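In this note's numbering, the protein residues as written are 9 to 174.
For every residue, glycine included, the Cβ atom is placed at its ideal position computed from N, Cα and C.
None of the values given here were measured: they were computed from a predicted structure.
One structure below.
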Amino acid sequence: IDNIYFKIRKGIGMIEKVRNIVSTSTIKTLYYSFIYPYLNYNIINWSSAPVSQLKSLQISNKKAARILLSKDKREHTKPLFKQLEILPLDLLIKFRRGTFMWKLKNKILPNITCFKPNNSIIYSNRNVSKFLLPNPRTEIAKRYNTFSAVKLWNTDIPNDIKSSTT
């Protein structure tokens, strides 16, 4: 996470230096070249880290959004992300976890034994696309994908997306 943070900070520095001489679309392209790949790469694994460790990445992503639109650091970032059509870090993590679970359900990924389909209720069609939710004993274990990705899939993803084949 520290390596990702330092690479993102370098990207922010580069964007900051050229933001006054290039267009907004070019700056957004620079974001997708110098910041987004580092946030996105292997996010399924490192996003299970404690929130305190992810805070630096979240702050850097917010700073990047402010720089892209030349906004003051006191301005709230939620509308900035919406205007830029960029996902904030917490939603990017949810999106990647949901994508991971969809690929797992549709057998695009290899069979991973710790993610088990919920076959406990044979006569109900409601649980056909759900996975068995483990029972973690600690708060740290709740951040692991074996729990957080399955919980996201079972509770937050709409059924039409779960049943989609593409």
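Just the Cα atoms here: how many angstroms apart are Arg17 and Ile148? Going by the C-alpha atoms only, they are around 27 Å apart.
Close Cβ partners of Gly78 (< 6 Å) along its chain, the five nearest in sequence each way excluded: Checking the sequence shown, residue 78 turns out to be Ser, not Gly. So the list is empty, once near-sequence residues are dropped.
Residue range of the alpha helix (DSSP H) that includes Pro45: Residue range Tyr44 to Asn48 is occupied by the alpha helix (DSSP H) that includes Pro45.
Considering only residues of the same chain and omitting the five flanking positions on each side of Ser55, which have a CB-CB separation below 6 Å? Excluding positions up to five away in sequence, the list reads Ile101.
Mind checking who Pro185 pairs with in its DSSP beta bridge? The chain is shown only over 9 to 174; residue 185 falls outside these bounds and no answer can be derived.
Local Cβ density within 10 Å of Tyr44, reported as buried at 16 or more and exposed below that: So Tyr44 counts as buried.
DSSP beta-bridge partners of Pro125: Beta bridge pairing from DSSP links Pro125 with Phe139.
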